[in-house]
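Asks: Below are the structure tokens for one structure; questions will follow.
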Amino acid sequence: MINKYAQTIKSELISNKKVGAYHHLVFEVGTMASHVRPGNFVAISVGGPTSSMVLRRAFAIHRSMDRGASGGVIELVVAPHGNGSKWLTSLPIGSYVKLTGPLGTSFGIPTEQVRALLVGGGYGSAPLFGLAEVLKSRGSRVDMVLGASTAGKIYAPIEGKRSVNSMTITTDDGSAGVHGRVSDVLPEIIERNSCEIIYSCGPMAMLAAISEIADKYNLIHQCAVEESMACGIGICMTCVIPLVDDEGQIRMQRSCIAGPVVDGERVIWNTGGSIPEGTLGAL
Amino acid sequence: MINKYAQTIKSELISNKKVGAYHHLVFEVGTMASHVRPGNFVAISVGGPTSSMVLRRAFAIHRSMDRGASGGVIELVVAPHGNGSKWLTSLPIGSYVKLTGPLGTSFGIPTEQVRALLVGGGYGSAPLFGLAEVLKSRGSRVDMVLGASTAGKIYAPIEGKRSVNSMTITTDDGSAGVHGRVSDVLPEIIERNSCEIIYSCGPMAMLAAISEIADKYNLIHQCAVEESMACGIGICMTCVIPLVDDEGQIRMQRSCIAGPVVDGERVIWNTGGSIPEGTLGAL
Amino acid sequence: MTFNFATQFGKSEFPNPIFTASGCAGSGKELAQFFDLRELGAVVTKSIMRKPRSGRPTPRMAETPSGMLNSIGLQGPGIEEFLAHDIPWLKAHDSRIIVSIAGETIEDYAFLAKRLNSVAGISALEVNISCPNVENRGQVFSCDPVTAAAAIDAVRRNISDTMPIIAKLSPDVTDIAAIAESCVTAGADALALINTLLGMVIDTNTMLPKLGGKTGGLSGPAIRPIAVRAIYQVRARLPHIGILGMGGVSNGNDALEMVLAGANGISVGTATFGNPTAPVEIKNELENLLISKGFDSFAEAVGFAHRDPSANRSKN
Amino acid sequence: MTFNFATQFGKSEFPNPIFTASGCAGSGKELAQFFDLRELGAVVTKSIMRKPRSGRPTPRMAETPSGMLNSIGLQGPGIEEFLAHDIPWLKAHDSRIIVSIAGETIEDYAFLAKRLNSVAGISALEVNISCPNVENRGQVFSCDPVTAAAAIDAVRRNISDTMPIIAKLSPDVTDIAAIAESCVTAGADALALINTLLGMVIDTNTMLPKLGGKTGGLSGPAIRPIAVRAIYQVRARLPHIGILGMGGVSNGNDALEMVLAGANGISVGTATFGNPTAPVEIKNELENLLISKGFDSFAEAVGFAHRDPSANRSKN
Ligand SMILES: Cc1cc2nc3c(=O)[nH]c(=O)nc-3n(C[C@H](O)[C@H](O)[C@H](O)COP(=O)(O)OP(=O)(O)OC[C@H]3O[C@@H](n4cnc5c(N)ncnc54)[C@H](O)[C@@H]3O)c2cc1C
Ligand SMILES: Cc1cc2nc3c(=O)[nH]c(=O)nc-3n(C[C@H](O)[C@H](O)[C@H](O)COP(=O)(O)OP(=O)(O)OC[C@H]3O[C@@H](n4cnc5c(N)ncnc54)[C@H](O)[C@@H]3O)c2cc1C
Ligand SMILES: Cc1cc2nc3c(=O)[nH]c(=O)nc-3n(C[C@H](O)[C@H](O)[C@H](O)COP(=O)(O)O)c2cc1C
Ligand SMILES: Cc1cc2nc3c(=O)[nH]c(=O)nc-3n(C[C@H](O)[C@H](O)[C@H](O)COP(=O)(O)O)c2cc1C
Ligand code: FES
Ligand code: FES
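Chains as they are written, first to last, in this note's numbering: chain A, 1 to 283; chain B, 284 to 566; chain C, 567 to 882; chain D, 883 to 1198.
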């Protein structure tokens, strides 16, 4: 059962720091922290009690820290995008928000050592650092590639950079790292490090491009997708993406509970805004 | 022209103190303060930029202080009633609100000395203290009667109490002053002090009762009415009350610009939720 | 004396009047992670159709001031998979069940009713007739008294007399009370008021409609005044019919508003998206409000706002 | 090249497409204390009737989530006092004027049109047909294509051919595009979309309808998705007709949404209650947005969301 440990809590914001184009936020979440796996997300109410915004906002959990009896914390990396995320990133510390989590699937982590390549686009790097820690703790090699339109939109904390074996940065405007896209640098890195599995998180177009490369090199590709979500808990059917099920049948499946982390091979990419032929209703 | 000096400004909240059932709020308003007359009100946006509350809230100006070049302030006395006033009274100092004022008519103040009786119900006492100051400064005698359901809902600051010649308090539950309504004590006070004019502000039912007494003693009665207001500036026609015009014709007139202060004699009281016979459309 | 919170639709009794709204509770399972479904009057299932449907392309949602648009397009697994999975699960968890059905033809409605007639454990059928009628230029069934009645009639003829039928109406009509009357004449025991209003958002960045399906259904607090009006109008026209009210109910006070207007039950939809435990919180708040106002039973409060104010029969 | 912000309804030109909404600008005077009325495309007056009317009892308003209800009941001084006071004042202040008229009978509309035919300085007539027809069980004129057309026809026959007629429609109908078509056939040059939706709020303290008039009209941001949908639908059906859009426009981005959906002009109503200078701020924001998106003229943006997205004719 998905969301087995999900709780709805009132959570205190205990740190709010601007980092480049993003805000790094830390929330007190009590026992919730102990149930968080890399790739999970939280849904947060925005705008306060008389808000005109009725839906929650979804954010990947950047890291979680279980501190036992003294209660755990989770960290988020949030881009001030529209009204909801702008409200959230402008909250003073000491504010409380209503928050539900941990939600969704997490990255599958092999018990043996692997040679892993982690690819993030924009704030999509957020969940990758927690993942990198777990992989490293199991003795795996971790290479990381982060891409964004411009330098300010690369989120890569120093501890995070240190904890990986290699870190490559690309920007569309060349303001940091390689001038270009992540897909431009992946083949070389895969070949150089004999990567066995790709973990990715970022815009859908980027994930599609990575999937193509994973296909070509015959690598496993676990990606965290992002579709507009109204509920985040599987009850509204707005967040669907076309996924191939075990019987080979394409179904519009809920990315909030069948995802956000899905097997890249199962996603029908580039549907150009229509439902792929032969798709059936989801369960 | 009504609202000749009205401005819309961003105004800083510089003090917020709980006083009984109310909050005493002080706002920086710059030059607006110099145009405030007793009885005027302000309209304030509530709930912030993503608020679901689209209408402004009206509050009588308790006092205004013009401090010349350093900018003036206005004081309000606000009851946390519904969502809007609760939001306002819970604002931390340093917050900014959008505010339009001064709006509406003011109490007419005779240039000669008069024997004035000021009657307030609940937060309706708010505009009376500023009025009392002006009257006293012109050498008038000022008696004041304040009524409310219970002691906590009597707003009477100490300086205010000191500045009037007499102060009578009534409460419905007897928790302070006389056990009863303001209308119970008025005849005696009017007779004892030979009052010549009544100024009042409070719930419509109270104003109606005072009007009857004013009628009986043949006194002038200037009252500040309160009807649900959507705009506060005369453009929506929601705030109308039946008023008799100079030609003796009843018209549904806007209490935000023909009022809030009106001649009690001209109001058709106790309409029981219907339009009085013979009423014509307002201009 | 204890407060009697029970309500009734047709011959079915429910321990309390708070239900989920169709399409806003998944298959029940997903919500069960947040509260025990037995706490609700009933779970109303997503509208189920004859065949599996993949629905409309994404994006399927757009937030609007105090509301949202959705264009799910009735995605679903079809009646057979639904009966094989969802119903057994709900029964195994002792949830009371109202099945919502939707069709594209009158024949679809008849087929679905017949198919459900043999299924045990269903408390009522909600018949979603706010769907495009493929045989009539895609005009929504509930937009016309004749097609609305035809759909209800098809259900009534194919299901047991004791099964309550709740006809779910679209507010996008000139005279909703007339449609309601027509459905009742055709055999509906109750009306579900209201489905979403047709709306649209244009994305000012792409300068194109935001939803993949262009238009979508508007729900949430924004539409509550429309829903209250519809409930009040239909209650005035049909004083003894059942009404399941919905549209923007987010707290106990909102629910009370609809009850006073004439609703015998309340479905909670969009509010659950923003707060998974909303239905249960609303149930508790409504019960406390009714008790604090001096009502002895829920039934006493239904339609209370229709009384003559001068008679002054106010509570307390 | 300078940006061309002008728009047109029928034969009348306006320097910019931002107007007040009928009933939301008093007689003009009151707003003039906050900005110069010449800054607007035009002032649309409150709907004026043949005789003075005292309107509905108070309370006449209720705030709702992201909106409000009003039940003014067309209070007004009647056409003669209006022509004696309001029109001369507006003319003296060089405001462009669109007069809104409302009637209870077809004869009222004919009378008002005839009376206005001799008045100089009016740029267009907005014909509010969202009013109850006393000769037809109080059914609103614009709820039926036949009565809607009859009202427009009565105006058209009694006013100069060169006077643009803007028919203002109620969204509370099953098919607004059909009503629009019918009005155009009867002689309307443009449609005003949308008037308020019928709603109700029940006061849970008194447990009675909150408004003196029980029901009221819902306006404000809550209804914007309905308005955008109506504009889009009517624009799709009638590609060359004028459309004056309104319903919850509170900033330049909201206005742009309606323009892209097909509006040739925008009326600002409820937003002005919350912020007296809203119309002017919206005008400036819309102009800046259109320029930043690379449009050379306002006209170019009207209905832009109807283009084929695959053709990729996006601006910039
Ligand atoms: C699983 C998941 C994880 C995410 N993780 C992060 C993260 O770590 N950091 C971060 O900055 N953002 C993240 N996002 C995106 C974030 O949810 C949106 O940026 C945010 O909801 C926008 O809200 P807004 O009010 O600022 O914008 P608005 O455009 O005003 O939002 C309007 C509505 O659309 C929805 N919406 C808008 N954009 C998105 C989007 N990209 N994805 C889903 N719903 C959207 C909102 O939730 C809201 O309901 C994530 C999204 C998903 C689905
Ligand atoms: C001229 C005038 C002066 C006032 N002076 C004061 C004052 O000094 N102190 C004070 O505490 N209150 C005063 N009020 C009342 C105050 O405006 C309302 O209590 C307040 O608007 C309630 O808003 P809310 O959001 O808390 O309540 P809600 O009930 O949520 O308000 C909903 C809507 O109804 C309107 N409304 C509700 N109650 C009233 C009311 N009594 N009068 C007018 N509109 C109302 C609100 O403005 C809002 O638009 C005054 C009202 C008027 C008209
Ligand atoms: C995402 C979503 C899906 C819906 N699906 C259905 C459905 O399948 N069948 C139906 O009858 N109504 C459906 N509705 C309408 C709701 O049941 C309800 O009538 C409407 O949303 C108003 O209630 P609310 O404001 O509480 O959501 C759906 C609404 C939403 C928001
Ligand atoms: C208080 C009020 C009074 C109105 N009076 C009229 C009127 O007299 N005639 C008319 O055609 N529309 C009237 N309307 C409707 C508005 O003109 C407009 O169509 C509607 O409010 C939607 O726009 P908005 O959301 O910007 O207010 C009125 C609306 C309000 C809120
Ligand atoms: S966001 Fe509601 S089902 Fe996924
Ligand atoms: S409050 Fe709008 S006219 Fe008085």
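In this text, a Cβ means the ideal position worked out from N, Cα and C, and glycines have one as well. All values derive from a computational prediction rather than experimental measurement.
How big is the Cα-Cα spacing for D:SER1052 and A:VAL36?
Replies: Looking at the two C-alpha atoms, the distance is approximately 52 Å.
Asks: Taking its Cβ as the centre, do 16 or more other Cβ atoms sit within 10 Å of B:LYS287, making it buried, or is it exposed?
Replies: Exposed is the call here.
Asks: Taking 9 Å as the threshold (C-beta atoms), are D:GLY1129 and D:LEU951 in contact?
Replies: The answer is no: Cβ separation not under 9 Å.
Asks: Hey, which unbroken runs of the beta strand (DSSP E) at 3 residues or more fall wholly within the region 438-487 of chain B?
Replies: Qualifying beta strand (DSSP E) stretches, in chain order: 449-454 and 480-484.
Asks: Should A:LYS98 be flagged as near chain C, meaning a C-beta pair shorter than 9 Å?
Replies: Yes, A:LYS98 lies at the interface with chain C (some Cβ there is under 9 Å from its Cβ).
Asks: Taking buried to mean at least 16 other C-beta atoms within 10 Å of its own C-beta, is C:GLN641 buried or exposed?
Replies: With 16 or more Cβ atoms within 10 Å of its Cβ, C:GLN641 is classed as buried.
Asks: Whole beta strand (DSSP E) runs in the region 26-68 of chain A with 3 or more residues, listed along the chain?
Replies: Segments of the beta strand (DSSP E) lying fully in the region 26-68 of chain A: 41-44, 57-60 and 63-65.
Asks: How big is the Cα-Cα spacing for A:ILE190 and A:MET167?
Replies: Going by the C-alpha atoms only, they are around 13 Å apart.
Asks: Please report the distance separating the alpha-carbon of B:GLY556 from that of B:THR291.
Replies: Approximately 34 Å between the Cα atoms of the pair.
Asks: Can you confirm whether C:CYS590, when its beta carbon is compared against all beta carbons of chain A, has any partner nearer than 9 Å?
Replies: Judged by the 9 Å Cβ criterion, C:CYS590 is in contact with chain A.
Asks: Is A:VAL267 near ligand 1, in the sense that its beta carbon is under 8 Å from a heavy atom of that ligand?
Replies: Flag unset: Cβ of A:VAL267 not near ligand 1.
Asks: Taking Cβ-Cβ distances shorter than 8 Å, what residues in chain D pair up with C:ILE663?
Replies: Going along chain D, no residue has its Cβ under 8 Å from C:ILE663, so there is no contact; the nearest lies around 30 Å.
Asks: Quick check: is the beta carbon of D:TYR991 nearer than 9 Å to any beta carbon in chain C?
Replies: Not an interface residue.
Asks: Classify C:MET766 as helix, strand or coil using the three-state DSSP reduction.
Replies: In the structure shown, C:MET766 sits in a strand (DSSP, three-state: E or B).
Asks: How do the region 320-328 of chain B and the region 385-404 of chain B stand: do at least 3 beta-carbon pairs fall below 8 Å, yes or no?
Replies: The region 320-328 of chain B, when compared against the region 385-404 of chain B, does touch it at the 8 Å Cβ threshold.
Asks: For chain C, is any of its Cβ atoms less than 9 Å away from the one on B:GLY387?
Replies: Closer than 9 Å: no.
Asks: As a quick check of your reading: which residues have a C-beta less than 6 Å from at least one non-hydrogen atom of ligand 5, in chain order?
Replies: Those residues are A:MET229, A:ALA230, A:CYS231, A:GLY232, A:GLY234, A:ILE235, A:CYS236, A:MET237, A:THR238, A:CYS239, A:ARG254 and A:CYS256, given in chain order.
Asks: Cα-Cα, which of A:THR150, A:VAL29, A:ILE109 and A:ALA209 is closest to A:SER70?
Replies: Comparing Cα positions, the closest option is A:VAL29.
Asks: Listed in chain order, which residues of the region 619-640 of chain C have Cβ atoms closer than 7 Å to some Cβ of chain A?
Replies: Per Cβ criterion, the list reads ARG619, SER620, GLY621, PRO623, THR624, PRO625, ARG626, MET627, GLU629, PRO631, SER632, GLY633, MET634, ASN636 and ILE638.
Asks: Contact criterion: CB-CB distance below 9 Å. Does B:PRO332 meet it with respect to chain A?
Replies: It does: the Cβ of B:PRO332 has a partner Cβ on chain A nearer than 9 Å.
Asks: Output yes if chain B places a C-beta closer than 9 Å to the C-beta of C:ASN882; else output no.
Replies: Bear in mind that a pLDDT of 46 at C:ASN882, under 50, signals an unreliable position, so the model cannot answer this.
Asks: Based on DSSP bridge pairs, tell me the residues matched to A:LEU117.
Replies: Looking at the DSSP assignment, A:LEU117 forms a beta bridge with A:ASP143 and A:ILE198.
Asks: For C:VAL610 and D:ILE1113, what's the separation of their Cα atoms in angstroms?
Replies: Roughly 34 Å separates the two Cα atoms.
Asks: For C:TRP655, count neighbouring C-beta atoms within 10 Å of its own C-beta (all shown protein chains included) and say buried if the count is 16 or more, exposed if not.
Replies: With fewer than 16 other Cβ atoms within 10 Å, it is exposed.
Asks: Going along the chain, which residues put their C-beta within less than 5 Å of some heavy atom in ligand 1?
Replies: Output, sorted by chain position: A:PHE41, A:LEU55, A:ARG57, A:ALA58, A:PHE59, A:ALA60, A:VAL78, A:ALA79, A:HIS81, A:GLY82, A:ASN83, A:GLY84, A:SER85, A:TYR123, A:ALA126, A:GLU226, A:SER228, A:MET229, A:PRO260 and C:GLU629.
Asks: Measure from the alpha carbon of C:GLY778 to the alpha carbon of each residue in C:PHE600, C:MET627, C:LEU603 and C:PRO618, then state which is nearest.
Replies: Of the listed residues, the one whose Cα sits closest to C:GLY778 is C:MET627.
Asks: Counting along the chain, where does the alpha helix (DSSP H) carrying C:PRO787 start and finish?
Replies: First-last for C:PRO787: undefined, no H or E at that position.
Asks: I want to verify the contact list: residues of chain B whose CB lies under 9 Å from the CB of D:LEU913, in sequence order.
Replies: Residues of chain B passing the Cβ test: ILE516, GLY517 and ILE518.
Asks: With a CB to CB cut of under 8 Å and the five nearest residues on each side skipped, what residues in its chain are close to C:ASN570?
Replies: Closer than 8 Å at the Cβ level, and outside the excluded window around C:ASN570, lie ASP862, SER863, PHE864 and ALA865.
Asks: Measuring from the CB of D:GLY908, is there a heavy atom of ligand 6 at a distance below 8 Å?
Replies: Within the cutoff, so yes.
Asks: Please report how far the alpha carbon of A:SER228 lies from the alpha carbon of A:LEU207, in whole angstroms.
Replies: Each residue's Cα considered, the two are about 16 Å apart.
Asks: Give me whichever residues DSSP pairs with B:LEU382 in a beta bridge.
Replies: Looking at the DSSP assignment, B:LEU382 forms a beta bridge with B:ILE292 and B:ILE327.
Asks: Quick one: is the Cβ of C:ALA714 within less than 8 Å of any heavy atom of ligand 3?
Replies: Not so, every heavy atom of ligand 3 lies at least 8 Å from the Cβ.
Asks: What are the boundary residues of the beta strand (DSSP E) that includes C:ARG619?
Replies: From DSSP, C:ARG619 is part of no beta strand (DSSP E); its letter is neither H nor E.
Asks: When you compare the CB of C:LYS612 with every CB in chain A, is at least one pair closer than 9 Å?
Replies: By this cut-off, C:LYS612 is an interface position.
Asks: Please name the residues in the region 44-77 of chain A whose beta-carbon is closer than 8 Å to at least one beta-carbon of chain C, in chain order.
Replies: Of all residues in the region 44-77 of chain A, SER45, SER52, MET53, VAL54, LEU55 and ARG56 have a Cβ within less than 8 Å of some Cβ in chain C.
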